[in-house]
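Right under this line is the structure:
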């Protein structure tokens, strides 16, 4: 038995030595990669600064600046990840060295025991006791594994939302195998402290004209605008950059809707607060009526109109008259 244990420890010692060497090689590779990326980071920063200047001069488009910014952020991210991996490798190296020394000490102990056993003084009772101990340890190990697997089975067989609310849509099908992070539905969270908001998406050309505080009318797709008008609101926030498909999907929750308006080009996200009115059925203030007898629920698709400028009619007529009469 001790001979077998000695052989196993020797094999483990060789494995630990190989593992330690592999960790050190990985560490050297990570350091080289980190140094290379750190040398490139100033270049990406200079490129970003130059393109921002060109954008201010109108020489290039915003997309070119966004790409340069993304390159710079990616390089910075790679540096942070490389530093994090180096720290992890340091921890692994220390742990591997500790295990190597422990195993080396174990081998020395076993060698001493083997010398003592050369006299063949080990009795059958001691062997039986050792075998019984090993069986108990194996049983305990199996029991621990069963307990761990049972916990994993319970945790992995249930999906729990961190929000209380009402399920609006289930996109997964019965029997479908889903991975962690895969969207399977949408839920209307019940948060009484928060008022519903309108989230709209505009092409860049229109979205950049919109400012916080501008008036907005939101008409649900199930309502006739000619008859009821729209819900009155005000713009509260505008995204500084065009939203990504993933960001829009996390808000809307419907990939088909996202695909539809993303085909029109990059979009600016506009968030608006809805004006309340306790005297209407929907509890929102409408532009041209009391509104329909319809509750506006989360997830309702809408069309919106934003007032970007208000001018008296005469300011539009006078330039036309000058053109017709030749008045300067």
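Residue numbers (this note's numbering): 292 to 619. Idealized CB from N, CA, C, for every residue including glycine.
Problem set entry | the region 566-583 touching the region 449-456, judged by at least three CB pairs closer than 8 Å | no
Exercise. Quick one: what's got a C-beta closer than 7 Å to residue 462's C-beta in the same chain, skipping five residues either side?
Worked result: 474, 475, 476
For this session: Could you name the residues that DSSP lists as bridge partners for residue 575?
Result: 567
Exercise. By how many angstroms is the C-alpha of residue 366 removed from the C-alpha of residue 335?
Worked result: 8 Å
For this session: Please work out which residues of its chain come closer than 7 Å, Cβ to Cβ, to residue 324, disregarding the five sequence neighbours upstream and downstream, and give them in chain order.
Result: 373
Problem set entry | Where residue 614 falls: helix, strand or coil (DSSP) | Confidence in residue 614 is poor, its pLDDT being 47 and thus under 50, which makes the residue's placement unreliable; the coordinate value appears in the next sentence. Here residue 614 sits in helix by DSSP.
For this session: Please classify residue 619: does DSSP put it in a helix, a strand, or coil?
Result: Low confidence applies to residue 619: its pLDDT is 40, below 50, so where it sits in the model is not reliable, and the reading given next is rough at best. DSSP places residue 619 in coil when its eight states are reduced to three.
For this session: Could you spell out where the alpha helix (DSSP H) holding residue 536 opens and where it closes?
Result: 536-543
Problem set entry | DSSP three-state assignment for residue 531, whether helix, strand or coil | coil
Problem set entry | Cβ-based neighbour list, residue 536, same chain, cut-off 7 Å, excluding 5 preceding and 5 following | 549, 553
Exercise. Say the cut is 8 Å; is the CB of residue 505 nearer than that to a heavy atom of the ligand SAH?
Worked result: In terms of ligand content, the structure shown is empty, and the ligand SAH therefore cannot be addressed.
For this session: Tell me whether residue 611 is buried or exposed, calling it buried when 16 or more other Cβ atoms sit within 10 Å of its Cβ.
Result: Per-residue confidence for residue 611 stands at a pLDDT of 49, beneath the threshold of 50, marking its modelled position as unreliable; the derived number appears in the next sentence. It counts as exposed.
Problem set entry | Helix, strand or coil at residue 599 according to DSSP, with G and I counted as helix | coil
For this session: Would you tell me roughly how many angstroms separate the C-alpha atoms of residue 570 and residue 577, rounded to the nearest one?
Result: 11 Å
Problem set entry | Backbone CA spacing between residue 494 and residue 530 [nearest angstrom] | 12 Å
Problem set entry | Residue range of the unbroken beta strand (DSSP E) whose run includes residue 448 | Run containing residue 448: none; DSSP gives neither H nor E here.
For this session: Grab the span of the beta strand (DSSP E) containing residue 475 for me, first residue to last.
Result: Note, residue 475: premise wrong, no beta strand (DSSP E); not H, not E.
Exercise. So which of 496, 370, 587 has the shortest CA-CA distance to residue 329?
Worked result: 370
Problem set entry | Contacting residues, own chain, Cβ-Cβ under 7 Å from residue 345 (five flanking each side not counted) | 351
Problem set entry | residue 550 - containing alpha helix (DSSP H), residue span | 546-553
Exercise. What are the boundary residues of the beta strand (DSSP E) that includes residue 351?
Worked result: Taken as a continuous stretch (DSSP letters only), residue 351 belongs to no beta strand (DSSP E), as it is neither H nor E.
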